[in-house]
Amino acid sequence: ALYDRIQEVEVRSWKGRRSVGIQSGGMYDFYERMVQRLHASNGLRLLFSRHEDRDVAYILGGISRGVYRGLQFSYDQEYRRYGLGNVVQLEMVDRIAQEGVLEYDLGVDLEYKQRWSDRSFDTVTLVAMRM
Numbered sequence: 191a192l193y194d195r196i197q198e199v200e201v202r203s204w205k206g207r208r209s210v211g212i213q214s215g216g217m218y219d220f221y222e223r224m225v226q227r228l229h230a231s232n233g234l235r236l237l238f239s240r241h242e243d244r245d246v247a248y249i250l251g252g253i254s255r256g257v258y259r260g261l262q263f264s265y266d267q268e269y270r271r272y273g274l275g276n277v278v279q280l281e282m283v284d285r286i287a288q289e290g291v292l293e294y295d296l297g298v299d300l301e302y303k304q305r306w307s308d309r310s311f312d313t314v315t316l317v318a319m320r321m
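Using the numbering used here, count along the sequence shown one by one with no gaps and you end on 321.
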């Protein structure tokens, strides 16, 4: 049910309208499994912003070993003037801080994330394949 709510917001976001959000292709299945696994391990952190009886934004992430990893957030394009991306980010930061979480991994270093971070670092992905 939570994932369905995420999808309802996602299709009304700019990402959904351009078919680049988590409602399409392999992203849908990947994040569906991610949400299920995080929920089962008590690591899921998910907030919705609502207007009247409708979800208009969400932020999705997970906690592992005391670190919060942001995964996705989106908001209904009709509400873009309200800065809901910032609103849900601030609320998530407040809530995880109350839990004692001291680190928020923003993921891939994109320009819009720099205002939310005090540092950045490079990571390397290694893939091992049996030949």
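Cβ coordinates follow ideal geometry from the N, Cα and C atoms, glycine included. This structure is a prediction, so every number in the text was calculated from the model and none was measured.
By the C-beta density criterion, residue 216 is exposed, having fewer than 16 other C-beta atoms within 10 angstroms. Look at residue 318 here: in three-state DSSP terms it is coil, with no helix or strand label.
Secondary structure in the segment 212 to 294: the beta strand (DSSP E) runs of 3 residues or longer, each lying completely within the stretch, are 234 to 241, 244 to 254 and 257 to 265 in chain order.
Out of 194, 248 and 245, the CA that lies nearest to the CA of residue 222 is found in 194. Look at residue 207 here: in three-state DSSP terms it is helix.
Boundaries of the alpha helix (DSSP H) harbouring residue 194: 192 to 200, taken from the DSSP string. Pairwise C-beta distances place the segment 239 to 249 out of contact with the segment 285 to 299, as fewer than three of them are shorter than 8 Å. Exposure of residue 220 is indicated by the presence of fewer than 16 other C-beta atoms within 10 angstroms of its C-beta.
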